[in-house]
Amino acid sequence: MKRTIVITGATSGIGKETALAFAKLGDNIVVSGRRKKEGLEVVNEIKSLGANAIFVKTDITQENEVKALIEQAVAHFGKIDVMVNNSGIAGRENVPLHQHSTENFRELIEVNVMGLFWGMKYAIDAMLKTGGGVVVNLASIAGLNGIEFTSQYSASKHAVVGLTKSASLDYATQGIRVNAVAPGAIKTDILQNAINAGVYPEDKIAGIHPMNKMGDTSSIANAIVFLASPDVPFMTGTILNVDGGFCAK
C-alpha cells in the first residue's frame, strides 16, 4: 500500500535523498522547502521514478506555513503516514559559549527546535485522525554529546532528542511511533556552506569519526526509511546513530 511521506527541507541534501529513497518504494511524497525551483526539480525526479509528488513551499520558522503544509498534504493525498522533520541549520558561529551571539542562538532555536516542534505537532494531530503514523526527526551527534565551540547548535539538537523521546511516550499506545536519526558529519550543502564560511575547519571534520571520513546522504536516507518501515513496529523513542563510530568513543 502506498504511504504518504512529508519531508521538510527536501530540496537538497539529506531531505532530497530521503525523498528519492521513499519514491523508489512507490510512496507518495510531499516535498517541502523554501526554494520553489529546486523543490519542483525534486518533484520531477520523483515522478521519473514512477511515484507521485507535490511541492509545498514552506518556511518552517512560520507556524502558519507548517500548519498549511500538513493541511495541503492531507487535502492532496488523504492522510499522512510518515513525517520526516529534516529541516535544520548548523549556525554561523564556531566559538566558545561566551562569544556566541543571541541572534545566532535565536535562529538555531527557531529552525531546529520550533520548526521541528510545529512539524511534529500538526503531523501528529493529522495522524491521530487517520489511525496513526511515524515521525522521524533529524537530531545529531551534537544532540547526544558535548562538542566544543558548538554550544548553541548542540543545545538545539539536544532539544530534538528530548522532543523525540518524550513524544514517543505520549503516543506509544495510539499507533504513532516517534524516532530520530543522529548523523555525524555528512556531505551536504549545509555543511559545505559552514566550511566555506569558516565555521568548521574542513581538515578536522572527517577526523572526528573513528572511520576517518564523512558520511554520505544515502546513509542517512536509508536510516530514515528503516525507522519509518512497518517492519519495525516495536521501535519507538529510538535515537539511531549514523556517525562513523563517533558515539562509540
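Every letter in the sequence shown is one number past the one before it in full-length UniProt numbering, and letter 236, counting from 1, is 236. Using N, Cα and C, we set each Cβ at its ideal position, and we do this for glycine too.
Distance between residue j and residue i (C-alpha atoms, nearest Å)
i: asparagine 104; j: glycine 15; result: 23 Å
i: residue 252; j: tyrosine 171; result: The requested residue 252 does not occur in the structure, where the chain is confined to residues 1 to 249.
i: alanine 73; j: valine 30; result: 7 Å
i: alanine 68; j: aspartate 59; result: 11 Å
i: valine 136; j: serine 151; result: 24 Å
i: alanine 23; j: histidine 98; result: 45 Å
i: asparagine 112; j: serine 48; result: 31 Å
i: valine 42; j: serine 229; result: 22 Å
i: leucine 163; j: serine 154; result: 14 Å
i: alanine 126; j: valine 82; result: 11 Å
i: asparagine 196; j: threonine 61; result: 25 Å
i: valine 225; j: alanine 123; result: 17 Å
i: glycine 115; j: valine 66; result: 8 Å
i: lysine 36; j: lysine 57; result: 6 Å
i: isoleucine 186; j: alanine 248; result: 17 Å
For residue i, three-class secondary structure by DSSP
i: lysine 57; result: strand
i: valine 232; result: coil
i: glycine 133; result: strand
i: serine 101; result: coil
i: isoleucine 29; result: strand
i: isoleucine 239; result: strand
i: isoleucine 147; result: coil
i: glycine 88; result: coil
i: glycine 39; result: helix
i: glycine 244; result: coil
Member of the options whose CA lies at the smallest distance from the CA of residue i
i: isoleucine 109; options: Lys157, Ser140, Phe149 and Ala221; result: Lys157
i: alanine 10; options: Asn196, Thr164 and Thr188; result: Thr188
i: threonine 236; options: Phe246, Leu169, Ser218 and Gly119; result: Leu169
i: glutamate 107; options: Ala123, Ile89, Met120 and Ala221; result: Ile89
i: leucine 191; options: Thr173, Val178, Gln174 and Gly215; result: Gly215
i: glycine 146; options: Ile208, Lys165 and Gly115; result: Ile208
i: valine 84; options: Trp118, Arg35, His100 and Ala75; result: Trp118
i: glutamine 174; options: Phe149, Met211, Gly133 and Ala197; result: Gly133
i: alanine 206; options: Gly26, Asp243, Phe77 and Lys249; result: Asp243
i: glycine 26; options: Val66, Ala51 and Asp231; result: Ala51
i: serine 101; options: Ser87, Asn86, His76 and Phe149; result: Phe149
i: glycine 245; options: Asp231, Lys213, Ala221 and Thr217; result: Lys213
Extent of the continuous beta strand (DSSP E) run through residue i
i: alanine 182; result: 176–183
i: methionine 83; result: 82–85
i: valine 66; result: Run containing valine 66: none in the beta strand (DSSP E); it sits in the alpha helix (DSSP H), 63–77.
i: isoleucine 7; result: 4–7
Where the alpha helix (DSSP H) through residue i begins and ends
i: leucine 49; result: First-last for leucine 49: undefined, no H or E at that position.
i: threonine 18; result: 13–23
i: isoleucine 124; result: 116–128
i: isoleucine 205; result: 202–205
i: glycine 194; result: The question names glycine, but residue 194 is alanine in the sequence shown. First-last of the alpha helix (DSSP H) with alanine 194: 189–196.
Cβ pair count under 8 Å reaching 3, the segment 197–204 against the segment 83–95: Counting Cβ pairs under 8 Å, three or more are found: they touch.
Any contact between the segment 134–145 and the segment 174–188? By contact I mean 3 or more CB pairs, one from each, below 8 Å. The segment 134–145 vs the segment 174–188: in contact.
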